[in-house]
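Numbering (the numbering used here), first residue to last: 3 to 306.
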């Protein structure tokens with residue numbers, strides 16, 4: 003008599019998440035609860051240009067049986083024949099207390115603050131002043147950017163939604179836009195490697211022309227985020243083939259922000275721990291095997 007054996011549950015991963023430490027709308031404990039309820043077993047908080055939320059996220063996830071990797075989404079610029087493009091570089095496995103890497107993130111955040119203040123000034127000069135107290139509150143929270151200006155514009159009644167705010171005022175080349183200051187992508191890839199981290203190009207099919215990717219792969223980026231909500235299946239396949247042809251791994255991330263204006267549901271990426279390849283897969287499986295030792299996920303043994 004044959005016995006029926008149930009298949010073991012899949013160990014889902016999500017390697018791209020945002021909280022209120024940058025432009026997400028959920029505090030880390032609610033974000034941890036959201037991914038845990040969706041069956042995610044390994045998660046990475048990847049807020050923009052800051053690792054500050056990682057320890058809190060780690061503790062919240064640990065209580066829910068979810069392993070973690072440290073991560074940050076770093077704002078960079080890549081220049082070439084295609085012009086200058088903003089590249090979001092996901093860095094995994096960095097120590098959030100690293101005395102060498104923290105100053106780089108601090109300078110990126112300082113440049114972000116200068117831009118935020120400058121764009122707020124341009125809005126005011128063109129008839130859309132925003133309350134100074136609200137601006138300072140956002141700056142005090144850290145990682146202020148264009149989405150926060152857009153939300154303040156909605157609150158003040160100048161626009162009705164984020165898309166309109168960007169189209170009319172804040173988007174590239176719009177009346178209140180200022181160019182971004184950021185380090186070169188290739189430089190940051192090298193800095194991440196020097197700190198025993200792994201670098202991945204975030205949503206490359208969304209923000210980069212195809213001709214820009216080979217130069218980044220040649221510069222030593224470790225992987226590509228192939229599975230992303232902005233990518234079609236055809237784009238995901240193309241990126242996966244490109245990564246494989248260069249001996250790089252592919253990753254998956256929801257890029258979840260929990261935005262209330264979109265009633266954004268959490269959509270878990272379709273990638274499992276077993277299918278995550280390369281050295282990031284090794285670190286992730288080690289972190290899952292020893293969830294109490296996920297600090298930085300800096301080695302394949304799970305030790306810090």
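Ideal Cβ positions, reconstructed from N, Cα and C, are used throughout, including at glycine.
Within the same chain, and ignoring the five residues on either side of residue 162 in sequence, the residues whose Cβ sits closer than 8 Å to its Cβ are 156. Shown here, residue 102 sits in coil according to DSSP, grouped into three states, outside any helix or strand. In the same chain as residue 186, and ignoring 5 residues on each side of it, the C-beta atoms closer than 8 Å to its own belong to 78, 79, 80, 81, in chain order. Look at residue 144 here: in three-state DSSP terms it is coil, with no helix or strand label.
Shown here, residue 63 sits in a helix according to DSSP, grouped into three states. Residue 196: member of the alpha helix (DSSP H) spanning 187–196, first to last residue. Looking at the backbone, the Cα of residue 133 and that of residue 124 are separated by about 14 Å. Cβ atoms of residue 45 and residue 74 stay farther apart than 8 Å, at about 14 Å. With the rule of 3 Cβ pairs closer than 8 Å, the segment 135–142 does not count as touching the segment 205–220.
Taking C-beta separations shorter than 6 Å and ignoring five residues to either side along the sequence, the partners of residue 258 in its chain run 19, 268, following chain order. As DSSP reads the structure, residue 258 sits in a beta bridge with 19. Rounded to whole angstroms, the gap between the alpha carbons of residue 41 and residue 288 is 19 Å. Residue 143 sits exposed, since fewer than 16 C-beta atoms from the chains shown fall within 10 Å of its C-beta.
Around the beta carbon of residue 102, fewer than 16 other beta carbons sit within 10 angstroms, so the residue counts as exposed.
When the five nearest sequence neighbours on each side are left out, the beta carbons in the same chain lying within less than 6 Å of the beta carbon of residue 167 are those of 152, 155, 161, in order along the chain. Burial of residue 24 is indicated by the presence of at least 16 other C-beta atoms within 10 angstroms of its C-beta.
Scanning the segment 221–284 from its first residue to its last, the whole beta strand (DSSP E) runs of 3-plus residues come out as 225–229, 251–254. Within the same chain, Cβ atoms closer than 8 Å to the Cβ of residue 13 are found at 43, 44, 274, 275, 276, 290, the five residues on either side in sequence being excluded. For residue 118, the closest C-alpha among the options 107, 99, 149 is that of 149. Taken through DSSP and simplified to helix, strand or coil, residue 78 comes out as strand. In the assembly as shown, residue 286 is a buried residue. Its beta-carbon has 16 or more other beta-carbons within 10 Å. Under the DSSP assignment, residue 28 falls outside any alpha helix (DSSP H); it carries neither an H nor an E label. Per the Cβ contact rule, the segment 181–200 is in contact with the segment 106–120 (3 or more Cβ pairs under 8 Å). Between residue 16 and residue 37 a beta carbon distance of about 6 Å is seen, short of the 8 Å cut, so the two are scored as contacting. When the beta-carbon positions are compared, residue 70 and residue 63 come within less than 7 Å of each other.
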